[in-house]
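Only one structure is covered here, and it is reproduced in the block below.
Residue numbers (this note's numbering), protein chains in the order written: chain A, 1 to 258; chain B, 1001 to 1328.
Spelled out as structure tokens, the structure:
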């Protein structure tokens, strides 16, 4: 397709893949926004590393979605030629970077879920997805470790770092409910042995979060209202700006090879 | 003990008595192509020259992240996005181990970064030019990294061991970066008319600033004589510039792009490409802070440093508390 947005035949399996791919791409893109502006050189490299892991995961997942959909769409079609209503990522990952505490808390809340998720997905009946999972699981283990170390430093460090970290946790907590959301399509993919039920990850996720926050001297936020909508394309206002920037060249000079 | 100078810093080194015999012995080691290591004797001026050069190089890597970082979020494909992010990450890595190499000479990374942020230290003039289109990312990889490689390959044989060793890895990565840039240009010139125009425009804007990267003409170069004697510098500015032009002209022709120099012609007698007059006034202005992006680059570096202060303080506070808890 030379211009405009693509139309995706969203079977349950294609949607399932795009949801994971979009999570990875949007979060990877957010991390890449830090490049050149991080608090220290070591962290500059770590943020880029985590971003690269996620962009790599997204590419593998889009590639697989293209093969499953069998409509000739490649990774760039999915990334650059869908508008925000076509994106299926969690609201959590599209939230703006904010300060370093906010970026780390967002990354931690996601990674603490993604690590056990991909570990479980290594047993997927779909061989490609199982292979993607094997790589992603190793990467997310590192993300959890790195972010956990920072949450402890920030929680324990100074009054300012503690205040900022608590604010980030409070603001981002309502986006964590969506991690465990499934719809009918997902249930079909889970029933086929291709996907896994995220409900089974709730306990391990909470255990990781509670353990790290305790070490940081921080409290787990109280349960309350949870936001959702990302999985069906109802996003926050932030995603549109992210995509406008990311898709600018593909949209302004459509159909070119780069 | 001359080796004390390492820990005491360059000021103390300057107070060191450097009698003629010791200096002669040092020069003999240089002439014999021995590597000078951090704990070896070195004249204060040698140390000072290296600190200046290595830190300028480190600053250039860090400031150089900004013009390319400008396109990471707008890269036109996921493959390009990943490659560019990885490349800019490499540049940060270069900065990090160059600061580490400078630290072996008795200065701290913090001091050097303060010198950059206060405007006391310089960085490469090239990073004060803007990246206005995606083709600029290709041009930077091809030309800026190409010029950097010309400069840095001889530095792999620099007399100071830590710098020379750092350069070996840096050059390997820069070579990859250059191919990455050239490949972007290739895709553009093989694309649409608009893409070819974009590529030519990038070459038009980056060509002359790249020639300036090698520094002032030999006749005006302030630091060259001692650096050459100490084998920090193996080729003169003009020699390196000529090598770059000779290597780049055929590459531009292969791309079907025109180098923006009406005086460029092959000299049958010398076997080199003769090029037109460089606008050294532009170079002086950029070095003096009046380039298109000097103010933006410094503002971005200062903002990152200031915004990150609370994070660095938190990390230090946590480390201090952890030490106390471990001791208790």
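Backbone N, C-alpha and C define an ideal beta-carbon position, used for all residues, glycine too.
query                                                                                                                                                                       : result
Look at the alpha carbon of residue 142 (chain A) and the alpha carbon of residue 1235 (chain B), and state the distance between them as a whole number of angstroms.       : 44 Å
On the three-state DSSP scale, how would you describe residue 1062 (chain B)?                                                                                               : helix
Got a sec: is the Cβ-Cβ distance from residue 1161 (chain B) to anything in chain A below 9 Å?                                                                              : no
Of all Cβ atoms in chain B, is any one closer than 9 Å to the Cβ of residue 298 (chain A)?                                                                                  : Chain A is shown from 1 up to 258; residue 298 (chain A) falls before or after that span and cannot be answered.
Buried or exposed for residue 1316 (chain B), please, with buried defined as at least 16 other CB atoms from any protein chain shown within 10 angstroms of its CB.         : exposed
For residue 77 (chain A) and residue 24 (chain A), what's the separation of their Cα atoms in angstroms?                                                                    : 16 Å
Would you identify the three-state DSSP class for residue 183 (chain A), choosing helix, strand or coil?                                                                    : coil
Would you say residue 1298 (chain B) reaches chain A, if we count a Cβ-Cβ gap shorter than 9 Å as a contact?                                                                : no
Quick one: is residue 1 (chain A) near chain B, going by C-beta distance under 9 Å?                                                                                         : Because the pLDDT at residue 1 (chain A) is just 41, under 50, the model does not fix this residue reliably, and the value given afterwards should be weighed accordingly. Not one chain B Cβ lies under 9 Å of residue 1 (chain A).
Using a Cβ cut-off of 9 Å, pull out every chain B residue sitting near residue 58 (chain A), in sequence order please.                                                      : 1078
For residue 1329 (chain B), count neighbouring Cβ atoms within 10 angstroms of its own Cβ and tell me buried if that reaches 16, exposed if not.                            : Chain B is shown from 1001 up to 1328; residue 1329 (chain B) falls before or after that span and cannot be answered.
Would you mind telling me which residues of chain A sit closer than 8 Å to residue 1095 (chain B), beta carbon to beta carbon, in chain order?                              : 41
Can you tell me whether DSSP reads residue 1272 (chain B) as helix, strand or coil?                                                                                         : strand
In this structure, does DSSP put residue 1036 (chain B) in helix, strand or coil?                                                                                           : strand
Considering only the alpha carbon of each residue, which of B:1130, B:1277 and B:1112 lies closest to residue 1122 (chain B)?                                               : B:1112
In three-state terms, what does DSSP make of residue 1123 (chain B)?                                                                                                        : coil
Could you tell me the boundaries of the alpha helix (DSSP H) in which residue 153 (chain A) lies?                                                                           : 127-156
Residues of chain C with a CB under 7 Å from the CB of residue 45 (chain A): which are they?                                                                                : This model lacks chain C altogether; the protein chains it does include are A and B.
Per the DSSP calculation, residue 30 (chain A) is bridged to which residue(s)?                                                                                              : DSSP lists no partner for residue 30 (chain A).
Listed in chain order, which residues of the segment 1310-1322 of chain B have Cβ atoms closer than 7 Å to some Cβ of chain A?                                              : 1310, 1311, 1312, 1313, 1314, 1315, 1317, 1318 and 1321
Does DSSP put residue 1267 (chain B) in a helix, a strand or coil?                                                                                                          : strand
So, using beta-carbon positions, are residue 1231 (chain B) and residue 1028 (chain B) closer together than 9 Å?                                                            : no
What three-state label does DSSP hand residue 1163 (chain B) in the structure shown?                                                                                        : helix
Under three-state DSSP, which class holds residue 259 (chain A)?                                                                                                            : Given a span of 1 to 258 for chain A in the structure shown, any question on residue 259 (chain A) remains unanswerable.
Compare the beta carbon distance of residue 952 (chain B) and residue 1161 (chain B) with 9 Å and say whether it is the shorter of the two.                                 : Residue 952 (chain B) is absent from the structure shown; chain B starts at 1001 and stops at 1328.
Counting only Cβ pairs nearer than 7 Å, list the residues of chain A close to residue 1195 (chain B).                                                                       : 256
Identify the contact partners of residue 1074 (chain B) in chain A, using a Cβ-Cβ distance below 8 Å as the criterion.                                                      : 245, 246, 248 and 249
Suppose the cutoff is 8 Å on Cβ atoms and the five residues either side in sequence are ignored; what does the same chain contact list for residue 204 (chain A) look like? : 116
Say whether chain A places a C-beta atom closer than 9 Å to the C-beta of residue 1119 (chain B).                                                                           : no
Taking residue 131 (chain A) as the reference, give the member of A:79, A:183, A:61 and A:114 with the closest Cα.                                                          : A:61
Would you identify the three-state DSSP class for residue 1250 (chain B), choosing helix, strand or coil?                                                                   : helix
For residue 1023 (chain B), which option in B:1039, B:1167 and B:1044 has the closest C-alpha, if you only look at C-alpha atoms?                                           : B:1044
In chain order, which continuous runs of the alpha helix (DSSP H) of length 4 or greater are located wholly inside the segment 1274-1323 of chain B?                        : 1280-1285 and 1294-1307
Count the other CB atoms within 10 Å of the CB of residue 243 (chain A); is the residue buried (16 or more) or exposed (fewer)?                                             : buried
Within 10 angstroms of its Cβ, does residue 1168 (chain B) collect 16 or more other Cβ (buried), or is it exposed?                                                          : exposed
Taking residue 38 (chain A) as the query, report the chain B residues whose CB atoms sit under 8 Å from its CB, ordered along the chain.                                    : 1304 and 1308
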